[in-house]
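Trainee: Mind the numbering: the sequence shown is residues 1 to 360 in UniProt numbering, read in order. All C-beta atoms, glycine included, are put in the ideal place defined by N, C-alpha and C. Computed from a predicted structure; not experimentally measured.
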Amino acid sequence: MAHRVLFLPGDGVGPELLAAAQVVLRATGVRLKVETMDYGRSYERTHGRGLVGLSVPVSEKHLDAIQRLGTVLKGPIEIDPKTPLLELRGRRFTSANQALRKIFQLYANVRPCRFLEGVKGVKSVKAAFPDTNLVVVRENTEGMYTGEERWEGEAGSSAVATRRITREGTLRVARFAFDFAQKHGRKKVTVAHKANVLRLSDTLFLNCCREVSAAYPQIQYTEQLCDSLLTAMVMHPGRWDVILCENLYGDLVSDLAAGLVGGLGLAPSALYGDQGVAIFEPAHGSAPDIAGKGIVNPTSMLLSASMMLDHLGEVEAARRLEAALATIREGETTPDLGGKAGTMQMAEAVAKKLRTNSKI
Ligand code: IPM
Ligand code: MN
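#1: Shortest alpha-carbon distance to ALA128 belongs to which of CYS208, ALA214 and LEU260?
#2: Express the C-alpha separation of LEU17 and ALA305 in angstroms, rounding to a whole number.
#3: What whole-angstrom Cβ distance do LEU337 and VAL122 have, given they're in contact under 8 angstroms?
#4: Per the DSSP calculation, LEU25 is bridged to which residue(s)?
#5: For my contact list, VAL23 and ALA351 are in at a C-beta cut-off of 8 angstroms; report their separation, rounded to the angstrom.
#6: How long is the line joining the alpha carbons of GLU316 and MET308, rounded to whole angstroms?
#7: Which residue's Cα is closest to the Cα of ALA347: ASN297, GLU314 and THR132?
#8: Assign ARG31 to one of two classes, buried (16 or more other C-beta atoms within 10 Å of its C-beta) or exposed (fewer than that).
#9: Who does LEU248 pair with in a DSSP beta bridge?
#10: May I have the straight-line CA-CA distance separating LEU354 from THR327, to the nearest angstrom?
#11: Could you check what DSSP says for ILE243 in three-state terms: helix, strand or coil?
#12: Taking just the CA atoms, how far does ILE295 sit from GLY12?
#13: Report the rounded CA-to-CA distance for TYR221 versus GLY40, giving the unit in angstroms.
#14: Between which two residues does the beta strand (DSSP E) carrying GLN224 extend?
#15: Classify GLU176 as helix, strand or coil using the three-state DSSP reduction.
#16: Here's the rule: buried if 16 or more other CB atoms are within 10 angstroms of the residue's CB, otherwise exposed. What is ALA161?
#17: Which word fits TRP151, buried or exposed, when buried means at least 16 other C-beta atoms lie within 10 angstroms of its C-beta?
#18: Beta carbon of GLN218, beta carbon of THR190: below 7 angstroms?
#19: According to DSSP, which residues form a beta bridge with ARG279?
#20: I need the straight-line Cα distance from VAL58 to THR334, nearest angstrom please.
#21: When you compare the CB positions of LEU266 and ILE279, do they come within less than 7 angstroms of one another, or not?
#22: Quick check on this structure: which residue in GLU142, ALA181, ARG175 and GLU78 has the alpha carbon closest to the alpha carbon of HIS284?
#23: Does GLY332 pass the burial test, meaning 16 or more other C-beta atoms within 10 Å, or should it be called exposed?
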């Protein structure tokens with residue numbers, strides 16, 4: 001039976017990435033029944049703005065389709081800080097992505113960073129560390145990204161943003177991180193924090209993580225100040241396994257981690273919750289500077305697609321897709337990795353490996 005999946009191409013390079021994913025997914029032989037919807041600015045452009053200047057990059061129709069299909073492969077969207085907030089289900093959000101993460105309570109954002117063999121020797125990639133194989137688990141519904149920001153006193157003179165850490169929100173993401181570690185044979189969970197400064201909120205975060213860690217004695221538990229963690233990640237990339245973070249730290253730590261393996265073009269992500277919805281998307285933005293040129297590296301989307309296959313139970317196909325990507329060589333890649341291939345050519349090269357070598 002075919003798996004039902006929703007494609008949300010999004011903005012900028014998003015449509016090119018999903019087109020590439022489609023070619024490669026087809027070559028895996030896994031049967032998918034795909035529905036596609038405009039999303040982000042692309043949706044707004046065709047459907048117009050809402051009343052009273054609110055933006056409408058995502059609608060009730062999207063929410064229905066997401067709920068109905070449950071599995072989403074999605075591209076990045078354009079987010080301009082000047083765009084008005086959007087309103088959905090009586091709540092206001094800073095972006096369509098934030099809306100989906102909050103509405104479906106996608107609290108665990110999983111961002112693996114693993115060195116790909118093919119990146120070895122790529123001259124344009126100054127730093128790619130072969131022993132990098134880590135996973136950032138980022139809390140994705142609270143922290144600094146609550147959307148609660150306001151002027152205090154006179155507008156323009158002082159602004160306050162709320163950073164919310166809850167016991168319930170932390171316990172659920174911590175349990176997810178340890179379960180994930182256990183299921184994937186990982187040995188260590190490191191929690192990033194700044195409890196030396198944020199004495200209440202980060203201490204609460206740490207206490208919840210410690211509590212959960214006690215139920216997983218076979219997994220090593222460590223804590224590290226988030227700032228020094230970034231230095232240590234650059235200096236000793238092979239030392240890290242699962243890194244558990246609140247929302248803002250996770251956003252930054254995962255982008256740094258992508259730099260260890262060759263850049264954001266290689267960074268996939270998956271968002272999970274407990275409501276039967278999972279979203280798979282590149283960890284990077286819509287890259288308007290290269291959009292439409294057919295040169296965006298499809299790897300972030302292809303690795304996201306492989307995480308989606310895992311989620312659908314197509315584990316063998318997921319491994320074959322990753323293996324095909326790992327054998328990609330410099331000449332077959334997009335310009336960010338020193339190659340001359342376009343997005344589609346690189347996708348075709350991966351698809352060809354999948355079709356011709358059933359062993360990978
Ligand atoms: C990400 C992105 C988003 C975030 C933006 C686009 C809202 O940077 O998924 O990491 O900050 O969470
Ligand atoms: Mn980010």
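Mentor: Reading from the atomic positions:
#1: LEU260
#2: CA-to-CA, the gap between ALA305 and LEU17 works out to about 11 angstroms.
#3: Their Cβ separation, rounded to whole angstroms, is 5 angstroms, which keeps LEU337 and VAL122 in contact under 8 angstroms.
#4: Partner(s): none; LEU25 has no beta bridge.
#5: 5 angstroms
#6: 12 angstroms
#7: ASN297
#8: Exposed: under 16 other Cβ atoms inside 10 Å.
#9: For LEU248, which the question treats as bridged, DSSP gives no partner whatsoever.
#10: 11 angstroms
#11: strand
#12: 12 angstroms
#13: 39 angstroms
#14: 220-225
#15: The question names Glu, yet the displayed sequence has Phe at residue 176. Residue state, collapsed to three classes: helix.
#16: Result: exposed.
#17: exposed
#18: no
#19: First, the amino acid is wrong: residue 279 is Ile here, not Arg. Paired residues: VAL72 and LEU271.
#20: Taking the Cα positions, VAL58 is about 31 angstroms away from THR334.
#21: Their beta carbons are not under 7 angstroms apart, which means LEU266 does not touch ILE279 by this criterion.
#22: GLU78
#23: It is worth fixing the name first, because residue 332 is Glu in this sequence and not Gly. Its Cβ being crowded by 16 or more others within 10 Å, GLU332 is buried.
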